[in-house]
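Student: Protein chains in written order, with the UniProt record's numbering: chain X, 1 to 90; chain Z, 1 to 752.
1. Listing by chain order, which chain Z residues have their CB less than 7 Å from the CB of residue 13/X?
2. Just tell me which of 624/Z, 563/Z, 403/Z and 423/Z has its CA closest to the CA of residue 735/Z.
3. Following the continuous alpha helix (DSSP H) through residue 61/X, name the residue where it begins and the one where it ends.
4. Could you tell me which of 278/Z, 572/Z, 615/Z and 354/Z sits nearest to residue 308/Z, measuring between CA atoms?
5. Does the region 170-177 of chain Z come into contact with the region 99-117 of chain Z, if we say contact requires no fewer than three beta-carbon pairs (one atom in each stretch) closer than 8 Å?
6. Which residue or residues does DSSP assign as beta-bridge partners of residue 369/Z?
7. At a Cβ threshold of 8 Å, is residue 8/X touching chain Z?
8. I'd like to know whether the C-beta of residue 309/Z is nearer than 8 Å to at least one C-beta of chain X.
9. Are the beta-carbon atoms of residue 593/Z and residue 720/Z separated by less than 8 Å?
10. Between 544/Z, 658/Z and 534/Z, which lies nearest to residue 782/Z when the distance is taken from Cα to Cα?
11. Starting from residue 42/X, follow the beta strand (DSSP E) in both directions and report where the run begins and ends.
12. If contact means a Cβ-Cβ distance below 9 Å, which residues of the region 64-79 of chain X contact chain Z?
13. Under 8 Å between C-beta atoms, does residue 50/X make it to chain Z?
14. Buried or exposed: residue 398/Z, going by 16 or more other Cβ atoms within 10 Å of its Cβ?
15. Between which two residues does the beta strand (DSSP E) carrying residue 203/Z extend?
16. With a threshold of 8 Å between beta-carbons, can residue 233/Z be considered close to chain X, or not?
17. For residue 648/Z, name the three-state secondary structure that DSSP assigns.
18. Quick check: does the Cβ of residue 350/Z come within less than 7 Å of any heavy atom belonging to the ligand MN?
19. In chain order, what residues of the same chain lie with their CB nearer than 8 Å to the CB of residue 253/Z, ignoring the 5 residues before and after it?
20. According to DSSP, is residue 358/Z part of a helix, a strand, or is it coil?
21. Using the C-alpha atoms, what's the distance from residue 225/Z back to residue 315/Z?
22. Please report whether the beta-carbon of residue 317/Z lies at a distance below 8 Å from any beta-carbon of chain X.
23. Can you pull the DSSP bridge partners for residue 460/Z?
24. Look up residue 683/Z in the DSSP assignment and say whether it is helix, strand or coil.
25. Three or more C-beta pairs under 8 Å: does that hold for the region 360-379 of chain Z against the region 491-499 of chain Z?
26. Can you pull the chain X neighbours of residue 256/Z, defined as C-beta to C-beta under 8 Å?
27. I'd like to know whether the C-beta atoms of residue 503/Z and residue 692/Z end up nearer to each other than 8 Å.
28. Residues in its own chain within less than 8 Å of residue 5/Z by CB, not counting five upstream and five downstream?
29. List, in chain order, every chain X residue whose beta-carbon is nearer than 9 Å to that of residue 113/Z.
30. When the Cα atoms are used, what is the spatial distance from residue 249/Z to residue 71/X?
31. Just to confirm, are residue 8/X and residue 66/X a CB contact at a threshold of 8 Å?
32. Considering residue 136/Z, what are the terminal residues of the beta strand (DSSP E) in which it resides?
33. Counting only the same chain and skipping the five closest in sequence on each side, list residues whose C-beta sits under 7 Å from that of residue 99/X.
34. Compare the C-beta of residue 89/X with all C-beta atoms of chain Z and state if any pair is closer than 8 Å.
35. Check whether the Cβ atoms of residue 763/Z and residue 607/Z sit closer than 8 Å, and answer yes or no.
36. Are the region 598-618 of chain Z and the region 452-471 of chain Z touching, with three or more C-beta to C-beta distances below 8 Å?
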């Protein structure tokens, strides 16, 4: 089993009200020095079988059609090593 | 777009031969040449950006303007009209010192590209129009049109649109009290998402957008400006979707309703302290629109420093800043000594506010960037003196064949059993089925003043808790009727909305419209538009209800196929005491059902012809506006004097549809008798206009009949509220349970 991570972020030109709310709250809470916050979504997919090109293509496809709204969001797909996946899953 | 050196006015004058991307920005060659002629030189990049968005169809109304003048020219005398067409929204006197402003707008194209955000920002835009008049928004309505209910793309678009409207409106705390949902294959690639808003103010608080008085400061407040929706106004709304050019689909805007809520409170507080000389919301065309319109509505001079605009993205070019359609922004003109207080109020509401310029005593709009002057124009040439087209129009040659294909000649049910099956099919069809699954996603009752909401004939909001003064709003528009005859179709939309308001007991006062059509470059579509506008203007004149404002949405088509012409008409009415309202639901067993008006064999464009025969042809029902007026008077009098306990207007689906709705809502059945002179089929399913069905308590029967008789309104006793079935005597009987199953299961089954 391997873990594939899909990160979904609003496109840079798109307003991110949640990120803005976080950014505005920071100085109120005494955390200075952060000029911008963008908030996104992280999907961790546990993949059955080998993560080969076919599997990645499938994941790319599902990310594009289901996990991300590509009109307003970008996404990236990356494979986490089996070790990390095992460690995180304990 | 950034280029070196900065394209200043001087630079433009010195480099007349530089080629500018006017065609990519949607301008035609002659339009570009006119800009050069106006300026006496080539425009700078920033000027070109401004002209291109402001001269787009969406902002300039260049194809529709000459026809829309009729709304002013034919406007009936109406004492209730305080502010007419041409402002952000019209204002109507509703008595007791209150004024109401309302308007309907479209957000069709963005909602197809990104349903949730497109619909959400549509609500945001219309709400800002209302607060720009100084009114507090109290309710929204949403007339919607989608493709076929069972088409897979409808399942993508509709839930997104509905969630967007619900999400944005609910976050703002505005009840959604009305609108419609209609399915038709013609809207498949081009759904219509119209949004309306009603706002309330006191007479003395009416404000008009203008910028007079040299030295007054121009303040931009609300959200920061980002790179969203750049060129949306010109490119997205003025060009038909074309799969070959995906680059014409720029990122849509994302709205932030919580920011909008702060804008509402902040703006109304500034109005209350009389801090504002002029105000304008930033919608399509963003700062280009706000600065040029504010300046040209005032004395004309304004100087703006674009470097002072708060940005979300520091890499934006000045052209992009001018064209950005970032949401939740407003522009105010404030006297210098009041600026500090204005900024204080904004700070209190956590709204970013920045002085970006001032009113000057010249007649030029000047915009600076990095110390250079990048815009110097007469703002009137940008905002009001754009191109005006007299587009050719011609009755399409297929119109005669369409009208000759008479729906009255379609095979009718031959047996009672067949009639029953068709009735059941009708009430279960997507257009006639209950839209509860959709409308219950909206908050109807937030703020606690909602008196009536969907599926009532019109929404109704109480505006004074002590006196019970209220306003009612109904929206209607039947594209099928308008396709058969645009002139009559527009009048039928008006008549139905007018009737819907009166059915609840409110007196119709004024009209707003959202005219959704295909490409004006197609003479057939242009003819539909011209006919519809003429029909609506004539109708408003006859009914005494002026058009106070509205919106035109053109280019609603995919490839060569235009949508049905869809004039959506909103009618606003007033009721002195909302406790006197008339609901749709049957209230009490034993009450007598009366049909008001005349029933003829009219099936052209009917729901029956669509559901049973998938047919569109013939002529739409006849319109008799004098009759509509009389019917409205009767309904209002009967409501005020307590002569009727429920009422429902008859429109698509005919009498049986209305009775089924009243029965299901009230949980009480009805026994119907086919009146003399009519066959059961025509009685149940004809869509003759100018009709309503009312439930009269037995104690009021004589008085009600006398009133109708004295005023000459045909009235026929057609049955009684009774039992737990809908029975048509001698024909068929359907239990409420089976009707409910048929009527309410359709939409969730298709979309949930």
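Backbone N, C-alpha and C fix where the C-beta goes; we use that ideal spot for every residue, glycine too.
It should be emphasised that the depicted structure is a prediction, and the values quoted were computed from it without experimental measurement.
Tutor: In short, the structure shows the following:
1. 226, 227, 228, 251 and 313
2. 423/Z
3. 53-62
4. 354/Z
5. no
6. 372/Z
7. no
8. no
9. yes
10. For chain Z, the structure presents residues 1 to 752; residue 782/Z sits outside this window and is missing.
11. 40-47
12. 69, 71 and 72
13. no
14. exposed
15. Element bounds for residue 203/Z: n/a, residue is neither H nor E.
16. Low confidence applies here, because residue 233/Z scores a pLDDT of 40, under 50, leaving its location unreliable; read the following figure in that light. Chain X, which has no Cβ nearer than 8 Å to the Cβ of residue 233/Z, makes this no.
17. strand
18. Of the ligands one can find in the structure shown there are none, so the ligand MN has no counterpart to examine.
19. 110, 117, 121, 228, 229, 232, 325, 326 and 327
20. strand
21. 11 Å
22. no
23. 452/Z and 472/Z
24. helix
25. no
26. 15, 17 and 20
27. yes
28. 11
29. 71
30. A caution first: residue 249/Z carries a pLDDT of 37, below 50, which makes its placement in the model unreliable, though a value can still be read off. Approximately 9 Å, taken between the alpha carbons.
31. no
32. 136-141
33. The structure shown does not extend to residue 99/X, since chain X spans only 1 to 90, so no value can be given for it.
34. Caution applies to residue 89/X, whose pLDDT of 38 falls short of 50 and renders its modelled position unreliable; the value that the coordinates give is listed next. No, no contact with chain Z.
35. With chain Z represented from 1 up to 752, any question about residue 763/Z goes unanswered, as that position is not in the structure.
36. no
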